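Residue numbers (this note's numbering): 1 to 176. Every residue gets a Cβ at the ideal spot worked out from N, C-alpha and C, and that includes glycine. These figures come from a predicted structure and were not determined experimentally. Before any comments, here is the structure.
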C-alpha cells in the first residue's frame with residue numbers, strides 16, 4: 001500500500017491495507033507479507049481512500065523498544081512532540097511530506113478522529129482546528145498549518161504499555 005517515514009524517529013516502515021476478506025486489524029499480528037508476527041505491520045484504516053483527505057495509520061507500541069510506532073506514544077508531552085519531524089508518505093500515487101501539527105490522547109472509540117470524508121477543504125481545516133483545541137502538544141504554527149491544510153495523516157498507537165488499554169496516542173500531520 002505505502003511506506004511511512006517520520007524524521008526524528010526510527011519510523012521507516014511499510015504500511016499495509018487489509019483486504020476485504022481480512023479483519024480490519026489483521027496486521028496487528030501479521031507482517032507486510034502476511035506472515036504471523038508479534039510486531040505486526042502498520043496499516044491504513046480500511047475506511048480511508050488512498051487520495052482521501054485523511055489517512056489514519058495504526059501501529060503497535062511495543063514496550064520500551066523503538067519498534068513500530070512506540071516512539072510516538074509519549075508525544076502528548078510537548079518535549080517529545082517537539083523532537084519529531086515531518087512524516088513522508090510514499091504510495092503508488094507518489095511521495096508527500098506532512099508537517100507535524102498536534103498530538104493528543106483519546107479513547108479508542110473517539111468519534112472525532114474517525115472522520116474520513118470532508119465536503120470541502122474548509123471542513124478539513126475546521127476539523128483540524130477542533131482537534132487542535134483538544135491537543136496536549138502542538139507545533140508553534142499549528143493554527144497556520146490547520147488553516148492551510150489540504151490533507152491530514154494521523155498515526156495511532158496505544159497510549160498505555162499494557163495490552164488491552166482503551167487510550168490511544170494520536171499524532172496528526174498535515175500537508176498544505
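Proximal residues to residue i (C-beta, below 6 Å), its chain only, five neighbours per side dropped
| i | result |
| --- | --- |
| residue 74 | 80 |
Chain-order list of residues whose beta-carbon lies under 7 Å from that of residue i (same chain, five-residue window excluded)
| i | result |
| --- | --- |
| residue 98 | 86, 87, 89, 153, 173, 174 and 175 |
| residue 121 | 150 |
Selection from the options that minimises the alpha carbon distance to residue i
| i | options | result |
| --- | --- | --- |
| residue 151 | 33, 23, 30 and 50 | 50 |
| residue 131 | 121, 110 and 120 | 110 |
| residue 106 | 25, 29, 28 and 171 | 171 |
| residue 166 | 104, 29 and 108 | 108 |
| residue 123 | 21, 43 and 148 | 148 |
| residue 27 | 139, 113 and 43 | 43 |
Beta-carbon spacing of residue i, residue j below 7 Å
| i | j | result |
| --- | --- | --- |
| residue 101 | residue 137 | no |
| residue 16 | residue 1 | yes |
| residue 18 | residue 3 | no |
| residue 83 | residue 8 | yes |
| residue 155 | residue 135 | no |
Sequence-distant residues of the same chain with beta carbon closer than 8 Å to residue i, five excluded per side
| i | result |
| --- | --- |
| residue 116 | 45, 47, 48, 49, 52, 53, 54 and 56 |
| residue 157 | 58, 59, 60, 61, 68, 69, 70, 72, 73, 168 and 169 |
| residue 32 | 14, 16 and 41 |
Neighbour-count burial assignment, residue i, 16 or more Cβ in a 10 Å radius
| i | result |
| --- | --- |
| residue 95 | exposed |
| residue 146 | buried |
| residue 159 | buried |
| residue 163 | exposed |
### Task
Ignoring anything shorter than 3 residues or poking outside the stretch 93 to 169, list the beta strand (DSSP E) runs there in chain order.
94 to 107 and 151 to 158
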